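Accompanying notes for the structure given below.
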Amino acid sequence: MAKARGLVAVNFEECKGCKLCVDACPVDVLHLAKSFNTHGYSPAEYDGEGCTGCGICYYACPEPGAITVFKRWEEAQEAYICHNNNVQSRLSLQDSVRGLALCDSCGQEVILSDFLNLRFAE
Amino acid sequence: MSVKILGKSKGFYDTFERRPGINKEQTHYCPGCGHGILHKLIAEAVVDFGVAENLIFISPVGCSVFSFYYFNAGNFQAAHGRAPAVATGVKRAKPESIVISYQGDGDLAAIGGNEILHAANRGEAITVFFVNNAIYGMTGGQMAPTTLIGQKTTTTPYGRTLQNEGYPIRMAEIISSLESPVYVERVMLADTRSINAARKAVRKGIKNQIENKGFSFVEVLSTCPTGWKMTPPQSQEWIKSTLSETFPLGVYKDISDQVEPLDLSQNFAPSERIPKLIGLEQDKLDYDIATMKIAKEIDQEIRISGFGGQGVLTLGVWLSEIGMREDLNVSWIPSYGPEMRGGTANCHVKLSRTSIGSPLVTHPSILIAMNRPSLEKFEEDVIEGGAIIWDNSLIDIEPTRKDIKNIPVPATEIANELGNTRISNVVILGVLAGFSDFLDPLVVQRVLPLIFKKKHLLEINLKAFQKGLELGRELLA
Ligand SMILES: Cc1ncc(C[n+]2csc(CCOP(=O)(O)OP(=O)(O)O)c2C)c(N)n1
Ligand code: SF4
Ligand code: SF4
Ligand code: SF4
Chain A
33 MAKARGLVAV NFEECKGCKL CVDACPVDVL HLAKSFNTHG YSPAEYDGEG
83 CTGCGICYYA CPEPGAITVF KRWEEAQEAY ICHNNNVQSR LSLQDSVRGL
133 ALCDSCGQEV ILSDFLNLRF AE
Chain B
215 MSVKILGKSK GFYDTFERRP GINKEQTHYC PGCGHGILHK LIAEAVVDFG
265 VAENLIFISP VGCSVFSFYY FNAGNFQAAH GRAPAVATGV KRAKPESIVI
315 SYQGDGDLAA IGGNEILHAA NRGEAITVFF VNNAIYGMTG GQMAPTTLIG
365 QKTTTTPYGR TLQNEGYPIR MAEIISSLES PVYVERVMLA DTRSINAARK
415 AVRKGIKNQI ENKGFSFVEV LSTCPTGWKM TPPQSQEWIK STLSETFPLG
465 VYKDISDQVE PLDLSQNFAP SERIPKLIGL EQDKLDYDIA TMKIAKEIDQ
515 EIRISGFGGQ GVLTLGVWLS EIGMREDLNV SWIPSYGPEM RGGTANCHVK
565 LSRTSIGSPL VTHPSILIAM NRPSLEKFEE DVIEGGAIIW DNSLIDIEPT
615 RKDIKNIPVP ATEIANELGN TRISNVVILG VLAGFSDFLD PLVVQRVLPL
665 IFKKKHLLEI NLKAFQKGLE LGRELLA
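If you're matching them up, the sequences are chains A and B in order.
The numbering of the first sequence is my numbering, which starts it at 33 and goes up by one.
The numbering of the second sequence is my numbering, which starts it at 215 and goes up by one.
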């Protein structure tokens, strides 16, 4: 089995629950949530472990910002730039199912699927 | 080492502020709709190639009409089926831009069938993404030219039949039969492998344009779960099992490696040549605009109306020509019935010191009425304090309004006396120059020889203008 070195983060509000990512994931680590988002959809959710970072679900998904895939989570974790203190920081995974982390520098919660607003060192 | 993350592309807006309503985070597409997948592939490609800043996206009529909510790019929303024509204009005017014509099958293969054929045949250096979902999505699932035999739609409730509706149209095959296109491929968005292949085709289509290779056409078999009445996964299965049987995937034509890059600067008259082409050479005019006796503030909205053949449209063109030579901003648009002669015709003219927003004149400051129906129709629209110039040798009623300047001019009678009924419009032009503060008679007299190249025509028109000018000056006095 492929190595689980990736991390998938589904944006709870941007997902429309179409299930295409769930069916596309080769290692079957996505499922539809039982709850609903504000727009009335049951969003996809990460099982919490096992993502290889292959990116297949990202391309399967029709929503521009519903899925973010960190191909190598450990590298991304270390490269995070805190937008409050503008320094390179570290992300501690908080809730892998919902894609939430804490910034080591400012201590604030980071929504991992809010990709356009996150910065990482090259 | 660079951090590898796949997330929302910078080719999209962060939030979709243009989208009406409270939902500014999701697209308006139905869950599982292929449009979104293709949007993502396009956004990713233009960012990766570093051309996102140059992207001008031409959206069609169809579900993707609102793609400008999402793409952080220039956009034109074209009339139904006309995206390739708009793309042609944009690309020729701005060859350095990356122009994408994005169209559905109703848009491209039905109402716009002609448009796409000719853009392809001219080999316009654009990229066309053709979303074939075998149905009209936006309007509620009617038959498209690409609907399959037997497929049920709201307009083929018993299934499309050969006898009634004919065969589905295969656009990739048709386009690839033309000489000019350099790249034609059909792909599908149905599973990981096919989406990956589609991604490559999207990138190639855009790359070709970056390299000025010519016309690229990518047909994309795409889900419409709503129109097909299936779940999104079922829709993808149906593309694989059924739709792609009628529309086989593959590269239909690819000569992009064999062709030399096009020299797009040769594509149309360079802008320096245009003034000469339309006879607008400043050096022919020996006056100084700064010394002219025309008003500092000008904002005239003029409606000219009469029978076809009275020269009302032409009068509008002359006014614009003169305005241009007075260094004003001008606009002219005609509005007429189907008749060549005898029907009613009218036009909208704007002359302004400041830039012109819309060229439409709904409340004219000056109405020129050359026949009775025109006076009756437009009198009410004139602004308070505006002017109505009307031909009292043809119109047997009078304006009823008291809050306007009433200017009767026997234009046709004067024209007849001079020996040519058709110069009544020049008489009116003279009147305007005589009483108004926005036309300099000097400029008009210089412009007329550029319009009337034949000597005898010029003579009689100058006479008509002089007559009108005198009349206009009397009015002023
Ligand atoms: C001139 C004109 N005729 C008809 C329509 C109605 N109309 C709107 S969208 C559409 C068809 C769209 O189908 P398609 O191009 O397949 O796009 P989709 O919605 O499936 O993406 C039609 C006929 C229109 N808007 N304008
Ligand atoms: S990145 Fe690959 S492994 Fe991870 S959730 Fe997506 S499809 Fe599954
Ligand atoms: S994340 Fe995307 S593909 Fe997955 S269910 Fe949500 S909208 Fe569909
Ligand atoms: S109607 Fe069809 S094409 Fe239109 S948004 Fe819905 S699924 Fe997509």
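Note that CB positions come from ideal geometry on N, CA and C, so glycine has one too.
Everything numeric in this text was worked out from a predicted model, so none of it was measured.
Local conformation of residue i per DSSP, three classes
{"i": "G530/B", "result": "helix"}
{"i": "P578/B", "result": "coil"}
{"i": "D60/A", "result": "coil"}
{"i": "F649/B", "result": "helix"}
{"i": "C135/A", "result": "strand"}
{"i": "S455/B", "result": "helix"}
{"i": "G435/B", "result": "One point to set straight first is that residue 435/B is Leu, not Gly, in the sequence displayed. Strand at L435/B."}
{"i": "P573/B", "result": "coil"}
{"i": "I143/A", "result": "strand"}
{"i": "P96/A", "result": "coil"}
{"i": "M538/B", "result": "helix"}
{"i": "D55/A", "result": "helix"}
{"i": "S315/B", "result": "strand"}
{"i": "F343/B", "result": "strand"}
{"i": "A691/B", "result": "coil"}
{"i": "K467/B", "result": "strand"}
{"i": "S607/B", "result": "coil"}
{"i": "S394/B", "result": "coil"}
{"i": "A559/B", "result": "strand"}
{"i": "A509/B", "result": "coil"}
{"i": "V42/A", "result": "strand"}
{"i": "M554/B", "result": "In this prediction, M554/B has a pLDDT of 49, which is less than 50 and means its spatial position is unreliable; nothing more can be read from the coordinates."}
{"i": "M215/B", "result": "Any reading at M215/B needs caution, since the residue's pLDDT is 45, under 50, leaving its predicted position unreliable; the model's value is listed next. Correct three-state label for M215/B: coil."}
{"i": "I449/B", "result": "Here residue 449/B is Ser; the residue named in the question, Ile, does not match the sequence. In this structure, S449/B counts as helix in the three-state DSSP scheme."}
{"i": "T406/B", "result": "helix"}
{"i": "G600/B", "result": "coil"}
Cβ neighbours of residue i in the same chain (closer than 7 Å, five flanking residues each side left out)
{"i": "I165/A", "result": "The first residue shown for chain A is 33 and the last is 154, placing residue 165/A beyond what the model contains."}
{"i": "S315/B", "result": "I272, A297, P298, A301, I340, V342"}
{"i": "F147/A", "result": "G97, T100"}
{"i": "M554/B", "result": "In this prediction, M554/B scores a pLDDT of 49, lower than 50, which makes its location untrustworthy; no coordinate-derived value is stated."}
{"i": "F68/A", "result": "S74"}
{"i": "E110/A", "result": "R122"}
{"i": "E329/B", "result": "G295, R296, P298, A299"}
Pair within 9 Å by beta-carbon distance, residue i and residue j
{"i": "W604/B", "j": "A583/B", "result": "yes"}
{"i": "P395/B", "j": "C247/B", "result": "no"}
{"i": "D266/B", "j": "K308/B", "result": "In the sequence on display, residue 266/B carries Ala and not Asp. Contact: no."}
{"i": "L683/B", "j": "L662/B", "result": "no"}
{"i": "N701/B", "j": "D319/B", "result": "Nothing can be reported for residue 701/B, as the shown portion of chain B is limited to 215 through 691."}
{"i": "E95/A", "j": "G250/B", "result": "yes"}
{"i": "S572/B", "j": "V596/B", "result": "no"}
{"i": "D513/B", "j": "T568/B", "result": "yes"}
{"i": "V640/B", "j": "F679/B", "result": "yes"}
{"i": "R413/B", "j": "L255/B", "result": "yes"}
{"i": "K427/B", "j": "V473/B", "result": "yes"}
Under 7 Å from the C-beta of residue i: neighbouring residues of chain A
{"i": "Y284/B", "result": "P96"}
{"i": "K218/B", "result": "K103, R104"}
Chain-ordered neighbours of residue i on chain B, where CB pairs are closer than 7 Å
{"i": "I143/A", "result": "Going along chain B, no residue has its Cβ under 7 Å from I143/A, so there is no contact; the nearest lies around 11 Å."}
Cut-off 8 Å between Cβ atoms - residues of its own chain near residue i, not counting five sequence neighbours on either side
{"i": "S549/B", "result": "A559, N560, C561, H562"}
{"i": "Y466/B", "result": "A386, E387, I389, S390, V398, E399, R400"}
{"i": "Y381/B", "result": "I363"}
Proximal residues of chain A, C-beta to C-beta of residue i below 8 Å
{"i": "R660/B", "result": "Correct list: empty, because the minimum Cβ distance to chain A is about 57 Å."}
{"i": "S723/B", "result": "Examination of residue 723/B is not possible in this model, given that chain B is present from 215 through 691 alone."}
Neighbourhood of residue i by C-beta distance below 6 Å, restricted to the same chain and skipping five residues each side
{"i": "L589/B", "result": "A583, W604, I609"}
{"i": "E627/B", "result": "S607"}
{"i": "R233/B", "result": "Y283"}
{"i": "A34/A", "result": "T84"}
Under 9 Å from the C-beta of residue i: neighbouring residues of chain B
{"i": "G87/A", "result": "K218, L220"}
Proximal chain A residues relative to residue i, where beta-carbon distance stays under 9 Å
{"i": "Y316/B", "result": "The contacting residues do not exist; Y316/B stays about 15 Å from chain A at best."}
{"i": "F343/B", "result": "Residues of chain A passing the Cβ test: none, with the nearest at roughly 15 Å."}
{"i": "I621/B", "result": "Ordered by position in chain A, no residue passes the 9 Å Cβ test against I621/B, which lies about 60 Å from the chain."}
{"i": "H253/B", "result": "P94, P96"}
When Cβ atoms are compared, which residues of the segment 91–122 of chain A fall closer than 7 Å to chain B?
-> In summary, the residues of the segment 91–122 of chain A whose CB is separated from some CB of chain B by less than 7 Å are Y91, A92, P94, E95, P96, G97, T100, V101, F102, K103, R104, E107, A108, A111, in the order they occur in the chain.
Listed from N- to C-terminal order along the chain, which residues in the segment 55–79 of chain A have their beta-carbon within a distance smaller than 9 Å of any beta-carbon of chain B?
-> Those residues of the segment 55–79 of chain A that come within reach of chain B (Cβ to Cβ, closer than 9 Å) are D55, A56, P58, T70, H71, Y73.
Looking at chain B, which residues of the segment 40–55 of chain A have a Cβ within less than 9 Å of any of its Cβ atoms?
-> So the list reads A41, N43, E45, E46, C47, K48, G49, C50, K51, L52, V54, D55, given in the order they occur along the chain.
Quick one: which residues of the segment 123–136 of chain A get their C-beta closer than 8 Å to a C-beta of chain D? List them in chain order.
-> No chain D appears in the structure shown, which is made up of the protein chains A and B.
Could you run through the segment 404–419 of chain B and flag, in chain order, every residue whose CB is less than 8 Å away from some CB of chain A?
-> The segment 404–419 of chain B vs chain A, Cβ under 8 Å: D405, T406, I409, N410, R413.
In chain order, what residues of the segment 270–281 of chain B put their CB closer than 9 Å to some CB of chain A?
-> For the segment 270–281 of chain B, the set of positions with a beta-carbon nearer than 9 Å to some beta-carbon of chain A is empty.
Select from the segment 427–446 of chain B all residues with a C-beta closer than 7 Å to any C-beta belonging to chain A, and list them in chain order.
-> Correct list: P446.
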